[in-house]
Amino acid sequence: MTTTETPASPASAGHGEVNYLNHEYGIKSWLLTLDHKRIGILYLITTTMFFALGGLFAGLIRLELMTPEGDLFQADTYNKLFTMHGVAMIFFFLIPSVPAVLGNFVLPLMIGAKDVAFPRLNLLSWYCYITGGTLASFAIVAGGVDTGWTFYTPYSSTYSTGFVSVALMGVFINGFSSILTGVNFLTTVHKMRAPGMTWFRLPLFIWAHYATSLMMILGTPVVAITLLLVALENMFGLGIFNPELGGDPILMQHLFWFYSHPAVYIMIVPGFGVISEVIACFSRKAIFGYSFVAFSSLAIALLGFLVWGHHMFTTGQSIYAGMVFSFITFFIAVPTAVKIFNWTATMYRGSIDLKSPLMYALGFIGLFLIGGLTGTFLSTLAMDIHLHDTYFVVSHFHYVMVGGMVMAYLSGLHFWWPKMMGRMYNEAWAMTGAVLIFLGFNLTFFPQFVLGYLGMPRRYHVYPEEFQILHVASTGGATVLGLGYMVLFVCLVWSLFKGAKAGPNPWTAKGLEWEIESPPTPHNFHETPIVTSEPYAYEEEDVLLADKGSH
Amino acid sequence: MSKDFSLHPELASTFALQIDLLYFLLVAISVFFTVAIVAVIIFFVIKYRRKSDDERPKPIHGSLPLELAWSIIPFFICMGVFTLGADMFFRMYRAPADALNVYVVGKQWMWKVQHPEGKREINELHVPINTPIRLTMTSEDVIHAFSIPAFRTKRDVVPGRYNTMWFEATKVGEYDLFCAEYCGTQHSTMIGRVVVMEEQDYQNWLGGGAAGESMVEAGMRHFEQLGCATCHKSQSGGRGPTLTGVYGEPVQLASGEVVVADEAYIRESILRPTSSIVNGYQPIMPTFQGQISEETLLQLITYIKSLSEAAK
Ligand code: HEM
Ligand SMILES: [Cu+2]
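Chains as they are written, first to last, in this note's numbering: chain F, 1010 to 1560; chain U, 223 to 534.
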């Protein structure tokens, strides 16, 4: 895909070679690093910790729901568990997952840059994340928060007794990490593309992160201010959302969803980017409809700001507002569908190698499809009246966020793992993990659609007996799902010690990141690469590091 | 009220069947697309599996007609579903004019219901069959939601506001009533039942027990006791405007604004009188915030409404 002026070191690089992992040692060299790759690894470790924490809470929730009575936990404990599950998973795992881990690591590599535009801000963003995460964890240990991840007023501002303000401050500070990452990516993509890397030669992963960064920068300040206002009302009795003080509780929902709807796309759009890369590589085909896939990300990013009211159809907002929000929500479903069709078409007449990254990517398509389609149930005004705040909604967003985004993240992680760590994992175990996760996920969440249609409200600690069978099925599925994550974790960690050397390009993938050593050297490229061809030029001869010299 | 497990909720209101039809339509569309796409993917994975490592398939960069087709077709499907859902929503929003009014106050963690005839109940709602019922709802504390799955309807119950919902039950029986909006510790026990009765049984039920005064009578009593009547006389000339014939009519405010005197306006005028001064009057009315309960407010409002009905 590119020509490099000087011959790079041969493919056997790595052994005894200097790379970003081994050129410096010691805790300080990590905590003060300005290297985007190391920051990506810091994020990888810390987001994984939050994922484990959130997963633990989820397990406890599912255990409680095995029986209709509230026999395992007190009501308050249960409420804290689901709140902290949501807060940990959404704010401290899913939002940073693909952008901050994979994006940080591969975005500069993909465009041929030595680092992001503002390495110091990049490190600061991780510290914001850690500070926010520590505060939120402190809130958990100190007594917990029981407002739900949505922090609806006036419950959160006036009635809840937990450590709401502390948790809010945690999420608030964490917001800056998103903003800083967004600023960094936008600037990097604008200013630091290698010569020849024109806008339409950008891999779709970059387009997706560009769209995500826009949303992060435009949306996060709104939620930050909202949460700050809730905290102020909580601490000082300021009358903003509490009607007794002359405030309006629904205003909080408007502000909250003005961010949090785009936030669901902040969570998913980077995943779209991963899927495009993986499908192209394992089908050895250029993405079908490149510009449609690229622009649909931007369309989603912009339209995503105009649909927040679809979370509020039952609040009594005006019927006309409801219509407009429903209409635009359907409108946004179209670019989403377009992506799925294009990915499918990419595989047509490809050379498909069903390796674990592709397995996860195909899992993503299936689950995200169901998630998106059930989203249209919820966008249908009259239908949502029945489904709102039931398990149907719970299932919908788990299909998109866990079935969709977490699968995309895992797909990307398996795809770039050899690049990041320089080692291969065991493919058979990776596949086992992928299959277990796919099956376990469906077993856990499909019954919840039925539960929701039956009317089972969400956030219920005890429930009528008639719902028990489905809850037991769901808990059974969660066990399989948990096992799948375990297998995956062991498989990846194992590879760090026992995995075979990966070499620069184990998948014969196209893209600048595959033309350098694995793991990359501290400065990524020995010479600034010059890009001369289109992205996903899988029909072209492989440019292997080893035969670079011949150019 | 333990029920057997089923895969489908009971149908007990005029909405239920229509919502279910919409649901089955959506399920059909979803199953179609899911099965079609998954089948195509599985087919591709098998048919085009990599047979040798030096395969270099020919690139296909896209096709405008295809892109247009798979944008436009989903778009029209979406618009169709949107229209069906919006049309139905319209009907679910607007209660028929002759609906029976019932008043609901939610609080952590119970539902308090008042019937206009004066009967009150907690965590239960008795209604006659085949009669449109309109619930006017508010909350004493946090946001709740009044949800009746068998009727396929729910609405948030928001402090400081009156939200309404309506339904017409079609089947005698007992149905689950849930609080659907998370409201704190005992959220999941803020449940109850809706009892649908034959008209005659309903009348008997209403008449049974110590029915006492109706909501209008209670409202009138409060109107006297709280001293409202000293300024708001039945003829104009009092220190405050007369309330006869006010409800539902436009009111000219001192600020120049014209507002319609609905329930929310009356509530606001009682709790925060200075926020909306009627043109030509002094801001001398005391606030009643914190002094009267949500139930008393509802009684006062029904009384003030009744003044307009009598005037017509
Ligand atoms: C075609 C795409 C989608 C459509 C049409 C759609 C539609 C909707 C609608 C209408 C609701 C509100 C339901 C209710 O509260 O009653 C909703 C809830 C939700 N959706 Fe989606 N959605 C889509 C994709 C996504 C994606 C990609 C994500 C995240 C990655 C997501 C995450 C959520 C979440 C978190 C909620 C519920 C939040 C809560 O109440 O706690 N959705 N969706
Ligand atoms: Cu949304």
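Don't be surprised by glycine CBs; every beta carbon is placed ideally from N, CA and C.
If you compare alpha carbons, which of the options is closest to residue i?
i: residue 1193(F); options: 1142(F), 1129(F), 1217(F), 1314(F); result: 1129(F)
i: residue 485(U); options: 230(U), 344(U), 357(U); result: 357(U)
i: residue 417(U); options: 390(U), 408(U), 402(U), 441(U); result: 390(U)
i: residue 1070(F); options: 1419(F), 1495(F), 1481(F); result: 1481(F)
i: residue 263(U); options: 1354(F), 1327(F), 1151(F); result: 1354(F)
i: residue 1421(F); options: 1089(F), 1214(F), 1383(F); result: 1214(F)
i: residue 1305(F); options: 1274(F), 1324(F), 1295(F), 1253(F); result: 1274(F)
i: residue 348(U); options: 241(U), 429(U), 243(U), 457(U); result: 429(U)
i: residue 1241(F); options: 1548(F), 1395(F), 1174(F), 1414(F); result: 1174(F)
i: residue 520(U); options: 291(U), 490(U), 352(U); result: 490(U)
i: residue 1454(F); options: 1411(F), 1083(F), 1061(F); result: 1411(F)
i: residue 1224(F); options: 1512(F), 1132(F), 1143(F), 1269(F); result: 1269(F)
i: residue 1216(F); options: 1152(F), 1244(F), 1299(F), 1177(F); result: 1299(F)
i: residue 1408(F); options: 1184(F), 1239(F), 1381(F), 1117(F); result: 1381(F)
i: residue 1156(F); options: 1072(F), 1084(F), 1127(F), 1545(F); result: 1084(F)
i: residue 1163(F); options: 1256(F), 1391(F), 1462(F); result: 1256(F)
i: residue 1399(F); options: 1465(F), 1542(F), 1227(F), 1091(F); result: 1465(F)
i: residue 1229(F); options: 1514(F), 1114(F), 1265(F); result: 1265(F)
i: residue 1064(F); options: 1491(F), 1543(F), 1496(F), 1080(F); result: 1491(F)
i: residue 1562(F); options: 1324(F), 1338(F), 1289(F); result: Missing from the structure shown is residue 1562(F); chain F here goes from 1010 to 1560 and no further.
i: residue 373(U); options: 434(U), 240(U), 386(U); result: 240(U)
i: residue 368(U); options: 351(U), 464(U), 404(U), 487(U); result: 404(U)
With DSSP as the reference, label residue i as helix, strand or coil.
i: residue 1170(F); result: coil
i: residue 1127(F); result: coil
i: residue 1074(F); result: coil
i: residue 341(U); result: coil
i: residue 1456(F); result: helix
i: residue 1079(F); result: coil
i: residue 1016(F); result: For residue 1016(F), the pLDDT reaches just 40, beneath the cut-off of 50, and the residue's location in the model is therefore unreliable, although a value from the coordinates is still provided. In the structure shown, residue 1016(F) sits in coil (DSSP, three-state: anything other than H, G, I, E or B).
i: residue 328(U); result: strand
i: residue 316(U); result: coil
i: residue 369(U); result: strand
i: residue 427(U); result: helix
At 7 Å on the CB atoms, spell out the chain U contacts of residue i, in chain order.
i: residue 1085(F); result: 407
i: residue 1088(F); result: 407
Let me know if residue i comes out buried or exposed under the rule of 16 or more other beta-carbons within 10 Å of its beta-carbon.
i: residue 1189(F); result: buried
i: residue 1014(F); result: Confidence is the limiting factor: at residue 1014(F) the pLDDT is only 40, short of 50, which leaves the residue's position unreliable and the question unanswerable from this model.
i: residue 1276(F); result: buried
i: residue 281(U); result: buried
i: residue 1524(F); result: buried
i: residue 274(U); result: exposed
i: residue 446(U); result: exposed
i: residue 1388(F); result: buried
i: residue 253(U); result: exposed
i: residue 507(U); result: buried
i: residue 298(U); result: exposed
i: residue 1151(F); result: exposed
i: residue 1208(F); result: exposed
i: residue 276(U); result: exposed
i: residue 235(U); result: buried
i: residue 1251(F); result: buried
Which residues of chain F have a Cβ atom closer than 9 Å to the Cβ of residue i, listed in chain order?
i: residue 236(U); result: Those within 9 Å of residue 236(U) in chain F number zero; the least Cβ separation is about 12 Å.
i: residue 252(U); result: 1378, 1379, 1382, 1383, 1385, 1386
Taking only heavy atoms of ligand 4 into account, decide whether any of them is closer than 7 Å to the Cβ of residue i.
i: residue 1403(F); result: For the structure depicted, ligand 4 is absent and the ligand set comprises only ligand 1 and ligand 2.
Applying a beta-carbon distance threshold of less than 8 Å, which residues of chain U neighbour residue i?
i: residue 1071(F); result: Result: empty, since nearest Cβ-Cβ is about 16 Å, beyond 8 Å.
i: residue 1295(F); result: 281, 282, 283
Residues of chain F with CB closer than 8 Å to the CB of residue i, please, in chain order.
i: residue 300(U); result: 1339, 1340, 1342, 1343, 1385
i: residue 239(U); result: What residue 239(U) touches in chain F: nothing, since even the nearest Cβ is about 12 Å away.
i: residue 403(U); result: 1161, 1398
i: residue 374(U); result: 1394, 1395
i: residue 526(U); result: Ordered by position in chain F, no residue passes the 8 Å Cβ test against residue 526(U), which lies about 21 Å from the chain.
Identify the contact partners of residue i in chain U, using a Cβ-Cβ distance below 9 Å as the criterion.
i: residue 1299(F); result: 283, 284
Please list, in chain order, the chain F residues whose beta carbon lies closer than 7 Å to that of residue i.
i: residue 378(U); result: 1323, 1324, 1325
Can you name the residues of chain B whose CB is closer than 8 Å to the CB of residue i?
i: residue 382(U); result: Absent from the structure: chain B. Protein chains present are F and U.
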